[in-house]
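Reviewing the structure listed below.
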Amino acid sequence: MMKWLFDVKYAYRMLLKNPGFTSLTVSVMAAGLGLCVFMLAFISSIVLRPLPFADGEHMYVIEAEVDGVLYNGGSILLHDYLDIKEQSQSYETLGAYYSATANLSNGDRAERFSGIVTEPNMFSFTSTDPIIGRTFNDQDAIEGAQPVTVIGYEVWQNYFSNDQQIVGKSVKLNGVATTIIGVMPQGYKFPMAGQLWLPMKEDGKRLTRAESPNVSIFALKKTSVSLAQATQELQGIMAIAEKNFPETNGKTSAYITSFQKNMMGNGSEMIIGLMLTAVTFVLILACVNVGNLLLARANERAKETAIRVALGAPRARLIMQMMWESVFICTLGGLFGLFIAAWALELMDAFLPNMLPMAVPFWWAMTLDAKLIYQSILIIITTAFITGIIPAWKMSRSDFNAVLRDGTRGAQGKRAGRVNRILVILEVALSCILLSLSGVLYVVLQEVNNTDYGANTGHKLEARIGLPEATYENEQDRLQYFQRLVERLQTIPGVSGAGAMSNLPGNGTWYRAFQPEGFEITDKQYPRTGESISFTGSMQALDMRLIEGRYFDSRDRVDSLPVAIITDSMADKYWPEQSSLGKRFKYVNDEDAPWYTVVGVVNHVIHGQPYSMIKHRTTAYRPYTQANRRFMSAFIDVQGDPDEYRAAFNAAAAKIDPEVPTYNMMVLKEKIRRNIGGMSFIRDLFGVFALCALLLASSGIYGVLANSTSRRTQEIGIRRAVGASDAKVMSMLMRQGWIQLIIGLVIGIPLAYLASQGIVQLVGPETNNYYFVFAAIPAIITLVVSSATYFPAKKAIALEPSSALRYE
Amino acid sequence: MNDNALITLSNIEKVFHTDEVETHALADIQLTINAGEYLAISGPSGCGKSTLLSVLGLLDTPTNGDYVLNKQQVANLKASERAHIRNKEVGFIFQSFNLISDLTVEENVALPLTYRDDYSSKEVVEAVKKALAKVDMLHRASHFPSQLSGGQQQRVAVARAIAGNPSIILADEPTGNLDSKNAEAVMSLLDSLHSEGATICMVTHDPRSAQRSERLVEILDGKIIADNPIKRGMHAA
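Chains as they are written, first to last, in the working numbering: chain A, 168 to 975; chain B, 6 to 242.
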């Protein structure tokens, strides 16, 4: 007991004695460990942690994969779901759900909530009981049954003011008298951010595939079945459907994944992998730095070690004695790191709702749980071992006789110097990779930020409107509503234009299989195009440039020739080198679907995220008069700040029908900004990683080179004494740093290029501007390393040769 | 074999290889040190006396030859075994004191004992007190080396060397960094230890220090060229 306490006390004393060294190393470890813990907590929260239900680890969602793009949020045809349910052997439970707007009205006021239409078994799937009342039974899901709903805790608290008699009350839900039968517990928002639930009544057997709604499938996978086996089975079922129903299922398969990964979308695994790699690099850099500093200190204490060896210290004790310092440093750094991570997570929790284009999923709990703290402790122990073991091992194997004999602390110079050189090379390579990744992300996202969506998205305020089916059953009523709304919006003072579209530029569209007239289709492999419904005048209000033909106007009536306006990207793709006016196309999921005649061509418009997979997709627009919809996005074009028009927008909508609230009201620019919010957040994170990497690398390299130059002071004195000029000595010292720099860059640049390709492919920049990053970053690192070499060299030269010769 | 022999070196050779240069630091060393003997090793710089002391103290291994310490063959032991024997059997006194600056006087003296398994915490404390009392440094037990004079530091080093009751004390130029007054004090201390039965082997340049021992071994070019008892008359001079 006394023996290790003796060493612990000594290590503690040494750290107290050198507050500069201690605070530097503790800060470095706090930064490295803090970032690492933060990232682990973040990734764990959004992807890795099982859903907070009894079978959370085996809960999955099944969605469609169309033309290589993974869809989410309800993309499987109800018929496909029924096929999967009938044929699959991989699941304990399967159920379908889809999101729906829930306009709730208690007679006093209407409010829009996020509704989930689901099969009754969703609640048993999540093993959650209501706190009041009951959930759905099979009778509730029969067509014609009394409409019922289960509401969430927040709706109960906020909209119904904690009404204890809520169960059994009747409210108007989407215009239909609906009975509230239960209240779910606080925090229950399954499948993502649900606020109230409705029983699903669609009967797949009575609908055709063309009429089939899209659903998501919740699935409890059997523990005996692997995810790969389940995927294989799923793809087999979908392949048969694709073969049998190419009109609805062309290029369509399905995939199974966790709810967490599904929410993250395309490319998320690659991004998460990159983030974990980046943070691991930062942690390695921190360990290398602290290890380097400990090694330098161990070199300085070579004589002390030699004395201990002479007194008969066993090697294990020598190693442990030096390890204690790294244990102290890493433990202190780890504790600070944990605090930093907890604080950053709290900040993140507060800022996330403003950063995401959708509601924050219920499982995103940005906290450090017991498992994470346990993992953090393991990381701290590992880092303490990694940082301490190399210096301790090197020193325990030193030639202590030489140290005792000539008493110079530089006796370990050659061997320790080699380790130092390797560590510097490692630091250069790692920082090069991190800085380059950050730089590439910055450049490509800058390009994405400046993306031309093909419309004037500035000074627009948009809001979603969903007309209840019960009160707006008639197409004419819907048309009139939106006509009146657009007219009223245009009368708001300061508004220069208004319109409505099913999906505004920057917002995703449904991607439909279609047949262009005269375009050869082989094996029923139909192409797909996005479809958006536009209210008359809306394209002009959005400054969507007309290239050919005309915009929608009063000629486009419900009973007139079905028409469409297409983007020039669609025109060029299917009717190249000719005018596409008068050309026709039809959607193929319905045999009775009409042919649409192209009456206009507008410039290419991006609907959805401006990344490689989406941004080149073509779009066809159809007039609202011929493609009546209950859900539209209304917008106004204003002078000044669109945010100031929120109240006026809501008032205009309420004047037309107080039972129809607006929802998801947002400045269009902000919504588009949020489109790349996730990627921007990742860029910022990488920026922090890169900054840490640069600071760590520069301080580490400076420390190592300053130390090695200092140990060569006598040698420098001798060289100058025999006539070496200052310039010669300087170039000799600089060369030492540059050799390590070049080796580090030779390793780092190709790895950085390879690592960046995932991001480049995901974002799909139009230019190769990001190449310059691979020149700029090495230049920055060269500057840093040169400075880190120059200043210690200059200091060594400033010493008189006579003093240098006496230097110990 | 001499029954009283504490150390027996037979045909000891030590060769250093540096790049392509081979240096014979010790050659054909035959030396016996009896228990309770006070031996001085002398010779010019670079003659190999410090190397011999390193071999004697198990800090280094001979290239060839036999080394018997306390009736145990120790020439070819592993580093860990040598460390164990060194800790138990050998007490070192260095020219430059070699105290650890960040340990207090009592911690420095206790240090070798903390590497041993046969000392309890209480025994360590007692042994340290006893050793410090013997060198008259008990009153400075909680001081750090930097707070002591050179002579005092060397007395602490002596206390560290004797705290574990080693079989032999190896002193490498123990007065080399001291003024004459402190040198005399340290030499008196060694005399006193010897009179109490300690075996001492001292490397020294200083003829006056050498004359205080019982036996003088002279080395030149790595070989023992003389091994004679010290005459009383020379001691007085």
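Note that the Cβ used here is the ideal one computed from N, Cα and C, for glycine as well.
Against chain B, the CB of Gly187 of chain A has no partner CB under 8 angstroms away; the residue lies outside that interface. With contacts defined as CB atoms closer than 8 angstroms, Val222 of chain B and Leu36 of chain B qualify as a contacting pair.
Of the other Cβ atoms in all chains shown, 16 or more fall within 10 Å of the Cβ of Phe853 of chain A; this residue is therefore buried. Asn617 of chain A sits exposed, since fewer than 16 C-beta atoms from the chains shown fall within 10 Å of its C-beta. At least 8 angstroms separates the beta-carbon of Ile486 of chain A from that of Ser565 of chain A. Listed along the chain, the chain B residues whose CB falls inside 9 angstroms of the CB of Tyr177 of chain A are Ile105, Asp107, Leu108, Glu112.
Ranked by how close their Cα comes to the Cα of Gln643 of chain A, the residues A:Leu271, A:Thr792, A:Asn770 have A:Thr792 in first place.
About 10 angstroms separates the CB atoms of Thr734 of chain A and Ser699 of chain A; that is not less than 8 angstroms, and the two are not in contact. Under the three-state reduction of DSSP, Pro117 of chain B is assigned to helix. Around Thr398 of chain A, the same chain offers Tyr422, Ile423 as residues with beta carbons nearer than 7 angstroms, after the five sequence neighbours per side are excluded.
Residue pairing from DSSP places Gly300 of chain A in a beta bridge opposite A:Gly349. Within the region 708-770 of chain A, complete alpha helix (DSSP H) segments of at least 4 residues are found at 735-741, given in chain order. Within the region 812-857 of chain A, the alpha helix (DSSP H) runs of at least 4 residues that lie entirely inside it are, in chain order, 813-823, 835-842. Counting every other CB atom within 10 Å of its CB across the protein chains shown gives His783 of chain A a total below 16, marking it as exposed. Residue state for Arg902 of chain A is assigned as helix, using DSSP reduced to three classes. In the three-state reduction of the DSSP assignment, Gln313 of chain A falls in the coil class. Inclusion of Val766 of chain A and Ala738 of chain A in the CB contact set at 8 angstroms is not warranted, their separation being larger than that value. Within the same chain, Cβ atoms closer than 8 angstroms to the Cβ of Val951 of chain A are found at Leu861, Ala864, Ser865, Ile868, the five residues on either side in sequence being excluded. Residue state for Trp323 of chain A is assigned as helix, using DSSP reduced to three classes.
The alpha carbon of Val129 of chain B has as its nearest neighbour, out of B:His144, B:Ala88, B:Ile224, B:Ala168, the alpha carbon of B:Ala168. When 8 angstroms is used as the limit between beta carbons, Arg482 of chain A is near these residues of chain B: Ala84, Ser85, Ala88, in chain order. Near chain A, meaning a CB-to-CB distance below 9 angstroms, the residues of the region 49-70 of chain B are Ser55, Thr56, Ser59, Gly62, Leu63, Leu64, Asp65. Ala596 of chain A sits in a helix when the DSSP states are folded into three classes. Asn92 of chain B belongs to the set of residues whose beta carbon lies under 8 angstroms from a beta carbon in chain A. Taking 7 angstroms as the upper bound on Cβ-Cβ separation, chain B lies near no residue of the region 828-854 of chain A. In terms of Cβ geometry, Leu505 of chain A and Ile210 of chain A do not form a close pair [threshold 8 angstroms].
In this structure, B:Leu194 is the residue among B:Leu194, B:Thr209, B:Val208 with its C-alpha nearest to the C-alpha of Gly202 of chain B. In the DSSP assignment, Asn521 of chain A is bridged to no other residue.
Proximity of Thr28 of chain B to chain A, defined by a Cβ-Cβ separation below 8 angstroms, is not satisfied. Of the other Cβ atoms in all chains shown, 16 or more fall within 10 Å of the Cβ of Arg679 of chain A; this residue is therefore buried. Sequence-ordered contacts of the region 179-192 of chain B with chain A are nonexistent [C-beta pairs closer than 9 angstroms].
By the beta-carbon neighbour count (other beta carbons within 10 angstroms, threshold 16), Thr28 of chain B is exposed.
Within the same chain, Thr792 come within 6 angstroms of Arg724 of chain A by CB-CB distance, once the 5 residues on both sides are set aside. Pro117 of chain B belongs to the set of residues whose beta carbon lies under 8 angstroms from a beta carbon in chain A. In the DSSP annotation of this structure, Ile173 of chain B is not part of any alpha helix (DSSP H); the continuous beta strand (DSSP E) holding it starts and ends at 173-177. Each of A:Ala344, A:Pro352, A:Gly300 was checked against the Cα of Tyr320 of chain A, and the nearest Cα belongs to A:Pro352.
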